[in-house]
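The listed protein sequences correspond, in order, to chains A and B.
Once you know that position 309 of the first sequence is 309 in this note's numbering, the rest is easy, because the numbers rise by one and skip nothing.
Once you know that position 181 of the second sequence is 1181 in this note's numbering, the rest is easy, because the numbers rise by one and skip nothing.
Every residue gets a Cβ at the ideal spot worked out from N, C-alpha and C, and that includes glycine.
These figures come from a predicted structure and were not determined experimentally.
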Amino acid sequence: MLIKVPSVVNLGLETIKVDVEVNLANRGLPGFEIVGLPDKAVDESRERVRAAISSSGVDFPSKKITVNLAPADIQKEGSLYDLPIAVGILSSVLQFSIPEKSLFLGELSFDGFLRHTKGALLMALFAKEFGFLNIFVPKDSANEAGAIKGIKVFPVENLIQLAGYFLKRKNIEPIVYRKNLNEISMPAEFDMREVLGQEQAKRAMEIAAAGGHNIIMVGSPGSGKTMLARALPGILPPLNETESLEVTKIYSVAGNIQPGGSLITTRQFRAPHHTASLVGIIGGGTRPHPGEVSLAHRGVLFLDEFNEFPHNVMEAMRQPLEDGYLTISRSKKRVMYPADFMLVASANPCPCGYFNHPKKNCTCTQQQIKKYQKRISGPILDRIDLHIAISPVDTTEFSDNQKNSELLESSKIIKQRVIFAKIRQEKRFEKDLIQSNAQMKNIHIKNYCKLTKDIEELLHRASIKFQLSARSYMKTIKVARTIADLEGVEEINISHMAEALQYKPKTYESA
Amino acid sequence: MLKLVSMVQIITIEDKNYPKLLKEIGNDAPKKLYYKGDWDMGIFENCLAVVGSRHLTSYGKKITEQLVTEIAAAGITIVSGFMYGGDEAAHSATVRIGGKTIAVMPCGIDLVHPEYQEKLYNEILEKKGLIISELEGKFQPALWTYPRRNRIVAGLSKAILVVEAGLNSGSLITAKYAKKYGRKIFAVPGQITSDVSKGTIKLIKEGAEVVTEPGDILKYYNFSLAKLNLTKPSSTLNKEEQKIIEQLKREPMEADTIARALSVSVIKIGATLSLMQLKGFINQESGKYYVN
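Here it is as structure tokens:
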């Protein structure tokens, strides 16, 4: 007797249909075998399925059972085929038919209950695109899949319940998607008002958040770089619908969605340590897995102590910084992950950290300083829009008003301005494929950043005086565009451009 | 042409062209000197040693440039030790104005130390300056060669100018030699809280002459100020720009500090600063702005 249970396989973010074919033969010795390029986790599913069926009070058939995962030439991995295999066997034993146009996914536990399984959202998207009507997923994974309208998502608790449903003895209600409130609020560690002084750096953060610009902060230890970065999530605009789906897809594939989790609506803040491996940051591995750059998609990738990161990691970030995605090629697979993130980097000016410090003496030789600063390669620096030098703040020089954090602008107020600027950008780029000013290509700059003669001349003079590269020249225009957006003005004027020049690449050495 | 001047030559203490001032220091005088460049006796007539901290502040750098530019333009030879920081600032200010300068190396004559200042090294020779060392070949610089080098710097010069120096710095060693050889010592006053001003303040307390303008030193050499045509920006400043200049004249500041002092938003200040920088009124270095 042959039963077909449809499921899927995820290759990167691409989904392909897989038919789980279960054959129960009366002839031959009793046994249980899986074919069709299963990996270790799929192969082990035999033991889980056997135990789960027995625990559900059904005698495991003593027949020769062969499972084929078709198409047979694509590597299948993970535990998601437990449910389709078990459903196939049960339908033969209990004599129920599997509803048409349905997909199954889920990992079984020995007691017959289903566990949270990664990739449910992708299956739901696939189902909708290819005309499937129902999907059966573990209860904990149902909410994320439920975000996709137009298909029925059945939250399955255990095998008994599911069998009951197919035998029409029990009912399972399709899930009604609800936002998970716990996940929405990912509070920033600090409020911007807790950062005393550093007005220009805060302003740069605001511009970066509004336009999605990359930013680098250079300054001595204790000057507040990390604090500023940690306060950044508090002023980031929320994700829009398309962005939210893009981000949740990556997290679903990576298995980073909590049980019962919903769509991610906040921009993610990823802060990998500088000892993280190349694969950990970029993604890859024998089973390609999204790295930190992809998990930071549409969000922030914060790299503290940027020049401590290995050279190969930094250079590998050039493609995602430029294109907003990266391709991981292995001998047998090629997957593409989106990685359009906002880079926030912080670095010390020299090995001891106190170069140009007003109080402390730097103990480094000039050669050490040069060598240290050269660790960040030119091409990477060239891809960063905002460059900020951060000096330590002496609060004793502040007046009481300046010291009183209650009087300073809170993240909430800054966030409102950022959202305002973000909406302007979304409206502007409605017909283009981009979302923010930082993503503008030359053609967009030509269309949306009309410069008057005066401003063009100013920029030209600046590019000679400050030796701006052609890329920096364009970046300055993009930053000026964001500054104008924050002000709610369509025309870029002289003071927007002049302010943008404040954040140009700097040379930190004295030579 | 550069090939010729970059040839190493030797002069001994018995030679009649050996600098007289250096000979006067008696037992300290090197028996043999290796040199590159054109050995013209005129270069030794009026020498001023300019020394300063390796970690020159932007203040120190600015003062070195201002003083050295005018002094070198008046025709005085600037002697220094080719180290980065103060020495480098003195040498490069001199070559920029086309003046003559002598670099006394702490290493063998065939080495350029620090290596990355090779461009400056060649410029010194191009402008008819001298590279001198008492060490031969590729002798590596060592901890003890720096203070030994300093005695030659002091010995060649009629007077020495210390711009910024820490308490245990090589600049103070040079000053000590200068005192021993009876040379005049000039020192630039700085903030008493700054570590790199502690050495100069110590010198002033011990009787060094305070320098506030190039004339102070030129007077000692009986030289007069050369008519330098240092172009000042001619366009006029508006009120806000004037206020910023006033602040910056006191000390270099970051944009944040200026904004706080003037109670103006940093957004506005930032834009104004960029424009002023483009017009050439002010300049920026390591985050701080200063008046040109």
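Check: Thinking just about the alpha-carbon of each residue, which of B:GLU1246, B:MET1253, B:LEU1248, B:SER1224 is nearest to the one in ALA1072 of chain B?
Finding: B:SER1224
Checklist line | Contact check, SER7 of chain A vs LEU80 of chain A, beta carbons under 8 Å | finding: yes
Next item on the list: Please go through the same chain and pick out, in chain order, the residues whose beta-carbon is closer than 7 Å to the beta-carbon of GLY1302 of chain B, but skip the five residues on each side of it.
Entry: Nothing can be reported for residue 1302 of chain B: it is not among the residues displayed for chain B, which extend from 1001 to 1292.
Checklist line | Buried versus exposed call for HIS460 of chain A [16 or more other C-beta atoms within 10 Å across all chains shown] | finding: exposed
Item checked: Rounded separation between LEU1248 of chain B and GLN200 of chain A - CA only -> 18 Å
Next item on the list: Answer yes if the region 214-225 of chain A comes into contact with the region 483-502 of chain A, meaning at least three C-beta pairs across the two stretches below 8 Å, and no otherwise.
Entry: no
Check: To the nearest angstrom, how far is it from the Cα of VAL1266 of chain B to the Cα of SER1274 of chain B?
Finding: 12 Å
Next item on the list: Assign LEU90 of chain A to one of two classes, buried (16 or more other C-beta atoms within 10 Å of its C-beta) or exposed (fewer than that).
Entry: buried
Next item on the list: Could you tell me if VAL35 of chain A is buried or exposed, where buried requires 16 or more neighbouring beta carbons within 10 angstroms of its beta carbon?
Entry: exposed
Next item on the list: Using 10 angstroms around the beta-carbon of LEU408 of chain A, count the other beta-carbons present and answer buried if the total reaches 16, otherwise exposed.
Entry: buried
Note to self: For a test of the three-state rule: what should DSSP assign to VAL1266 of chain B, helix, strand or coil?
What the structure shows: helix
Notebook entry, point to check: Once you ignore the five residues that flank SER411 of chain A on each side, which residues in its own chain have a CB closer than 6 Å to its CB?
Noted result: ASP191, MET192, GLY234, ILE235
Note to self: I want to verify the contact list: residues of chain B whose CB lies under 8 Å from the CB of CYS362 of chain A, in sequence order.
What the structure shows: HIS1055
Notebook entry, point to check: For the beta strand (DSSP E) that contains GLU33 of chain A, what are its first and last residues?
Noted result: 31-35
Next item on the list: Kindly indicate which three-state DSSP category MET1 of chain A falls into: helix, strand or coil?
Entry: coil
Note to self: Please give me, in chain order, every unbroken run of the alpha helix (DSSP H) with length at least 4 that falls completely inside the region 199-227 of chain A.
What the structure shows: 199-211
Check: DSSP three-state call for ARG178 of chain A: helix, strand or coil?
Finding: coil
Check: What residues from chain A crowd round GLY1086 of chain B, counting only those whose CB sits closer than 9 Å?
Finding: Within 9 Å Cβ-Cβ: nothing; GLY1086 of chain B doesn't reach chain A, min ~11 Å.
Checklist line | Chain-ordered residues of the region 457-471 of chain A with a beta carbon less than 9 Å from chain B | finding: LEU458, ARG461, ALA462, LYS465, PHE466
Check: Mind pulling the chain A residues with CB within less than 9 Å of VAL1188 of chain B?
Finding: The contacting residues do not exist; VAL1188 of chain B stays about 17 Å from chain A at best.
Next item on the list: Reducing DSSP to helix, strand and coil, say where GLU21 of chain A ends up.
Entry: strand
Next item on the list: Along the beta strand (DSSP E) that carries GLY1199 of chain B, what are the first and last residues, could you check?
Entry: Segment 1198-1205 is the alpha helix (DSSP H) holding GLY1199 of chain B; no beta strand (DSSP E) there.
Next item on the list: Compare the C-alpha of PRO155 of chain A against each of A:CYS362, A:PRO174, A:LEU167, A:ASN256 and name the closest.
Entry: A:PRO174
Notebook entry, point to check: Which residues does DSSP pair with HIS116 of chain A in a beta bridge?
Noted result: For HIS116 of chain A, which the question treats as bridged, DSSP gives no partner whatsoever.
Note to self: Can you check whether the C-beta of SER1286 of chain B is within less than 8 Å of a C-beta belonging to chain A?
What the structure shows: yes
Next item on the list: Have a look at ALA1103 of chain B and GLY1190 of chain B and give me their C-alpha separation to the nearest angstrom.
Entry: 26 Å
Item checked: Among A:LEU114, A:LYS359, A:GLU406, nearest to SER220 of chain A - alpha-carbon criterion -> A:LYS359
Next item on the list: To the nearest angstrom, report how far apart THR1069 of chain B and LYS1138 of chain B are at their CA atoms.
Entry: 32 Å
Item checked: Classification of ILE3 of chain A by the beta-carbon crowding that lies within 10 angstroms, buried from 16 upward -> buried
Check: Looking only at C-alpha atoms, which of A:LEU11, A:LEU103, A:GLU21 sits nearest to LYS76 of chain A?
Finding: A:LEU11
Notebook entry, point to check: Since GLU1285 of chain B sits in a beta bridge, which residues does DSSP pair it with?
Noted result: B:LYS1288
Margin query: Give me, in chain order, the residues of the same chain whose beta-carbon lies closer than 6 Å to that of ALA51 of chain A; leave out the 5 immediate sequence neighbours on both sides.
Written below: PHE110
Note to self: When you compare the CB positions of PHE306 of chain A and ARG270 of chain A, do they come within less than 8 Å of one another, or not?
What the structure shows: no
Check: What does LEU501 of chain A reach in chain B if we use C-beta pairs closer than 7 Å?
Finding: SER1274
Next item on the list: Could you tell me whether the Cβ atoms of SER1169 of chain B and SER1286 of chain B are closer together than 8 Å?
Entry: no
Notebook entry, point to check: Between TYR177 of chain A and ASN171 of chain A, is the Cβ-Cβ spacing less than 8 Å?
Noted result: no
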